[in-house]
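Trainee:
Residue numbers (the numbering used here): 546 to 641.
(1) Measure the CB-CB distance between residue 570 and residue 604 and report whether it falls below 8 Å.
(2) Near residue 567, which residues of its chain fall below 8 Å by C-beta distance, leaving aside the five closest residues on each side in sequence?
(3) According to DSSP, is residue 603 part of a helix, a strand, or is it coil?
(4) Are the beta-carbon atoms of residue 586 and residue 609 separated by less than 8 Å?
(5) Report the residue ranges of all beta strand (DSSP E) runs contained in full by the segment 556-630; include only those spanning at least 3 residues, in chain order.
(6) Please report the distance separating the alpha-carbon of residue 625 from that of residue 634.
(7) According to DSSP, which residues form a beta bridge with residue 548?
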């Protein structure tokens, strides 16, 4: 099983990195190796405990939705992307 290191925010100033197993790809999914990830102001405020915006109710959660990476693997029905393609996330979607 493939593994990845992922950060989880459990509460104010409680960020933990752990290695987790990755599930098998579905036919319409891709696996992305994240090469860079930023945090926005709300992520920093959550870390400091100044504003959680209800996120601690979901804790632990993975902060950081400003990311860029490279496609490592594609599911069998993926036709518009291929391994090696550079991609970035939609920064208006929820984290985690």
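Ideal Cβ positions, reconstructed from N, Cα and C, are used throughout, including at glycine.
Mentor: Straight from the coordinates:
(1) Result no, Cβ atoms of residue 570 and residue 604 do not sit closer than 8 Å.
(2) 546, 547, 548, 549, 576
(3) helix
(4) no
(5) 559-566, 575-583, 611-619
(6) Rounded to the nearest angstrom, the two C-alpha atoms are 16 Å apart.
(7) 566
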